[in-house]
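Here's the structure, in C-alpha cells; my notes come after.
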Amino acid sequence: TVYTLLDLPIVDSLVYTYDNNSRITSVVAWRQDTQNDNEIFEFHKAIYGYDSRGNIGTVSFYFKDNINTVAPLQLITMRYDDKLASLNLGNEGLIEGFLMIESNSPNNVTFVDNPEGPDKFSIAYEYNADSRPVKAVKTDMINDEQIYINYYYQ
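The numbering of the sequence shown is my numbering, which starts it at 42 and goes up by one.
Encoded structure:
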C-alpha cells in the first residue's frame, strides 16, 4: 500500500513473529525512507513477553521517524489477576503493532508501569459469579486520580 504525506509516498509493511503457542511475540513495521535513497528501515518494533498464564507481561517498543533516527526503547510492564478478562482480543488486538492494555490477555490487568509514558496505574476489580469483572477502580499512581469503570455483559 502506498500512502502520501506532505506529497511524499509512505510504503509500509508489517512482519509478525509467533511463538510455539501461536501468540504474537513481535511486530515489526518497515517503511521506505524517501528522504534517504528509498532505503527500507524498521520504523516501529514491538516485542511482547508473556507470563505463565498467557498474559502480556512486558512490551518493549520504539518508533523511528527515518533511517537515521536513534529511538529509545520503551518498556511497559504489567501484572494480572487470575480471573477471566472482560475482553480478550488475543492476537487480533496486536495486529496493528500496538497494545490495548486491558484487552489483550486472558486475565485482568491489575498494574501497569510505563516510565516513558509516563503511565503508572493499578486497577482493583469486583467480580460476578462467573469470575468476570463488573466494577473496577483504575488509580493513576502518578497523579493520584481515579476512574470508575462498570462492565456489562449480554
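Backbone N, C-alpha and C fix where the C-beta goes; we use that ideal spot for every residue, glycine too.
Within 10 angstroms of the Cβ of residue i, are there 16 or more other Cβ atoms? Answer buried if so, exposed if not.
i	result
Arg72	buried
Val150	buried
Tyr194	exposed
Thr42	In this predicted model, Thr42 has a pLDDT of only 47, less than 50, meaning its place in the structure is not dependable enough to derive any value.
Leu130	exposed
Asn79	exposed
Met119	buried
Ile65	buried
Asp122	buried
Leu135	buried
Ala170	exposed
Glu143	buried
Val68	buried
Asn77	exposed
Tyr59	exposed
Tyr9	Within the shown structure, residues of the chain are numbered from 42 to 195, placing residue 9 beyond reach of any answer.
Return the Cβ separation of residue i and residue j in integer angstroms, given the expectation that the two are a contact with Cβ distance under 8 Å.
i	j	result
Phe162	Asp181	5 Å
Ser101	Ala126	Not confirmed; about 22 Å, so no contact.
Gln115	Glu157	4 Å
Is the CB-CB distance between residue i and residue j below 8 Å?
i	j	result
Phe82	Phe104	no
Ser172	Lys124	yes
Val175	Ala165	no
Asp74	Ile117	no
Asn96	Asn62	no
Ile159	Ile188	Rather than Ile, the amino acid found at residue 159 in this sequence is Pro. Cβ distance not < 8 Å, so Pro159 and Ile188 don't count as in contact.
Extract the residue ranges of the beta strand (DSSP E) inside the stretch 105-174, only unbroken runs of 3 or more that lie entirely within it. 115-125, 148-155, 160-168
Unbroken stretches of the beta strand (DSSP E), 3 residues or longer, contained in the stretch 73-101: 80-91
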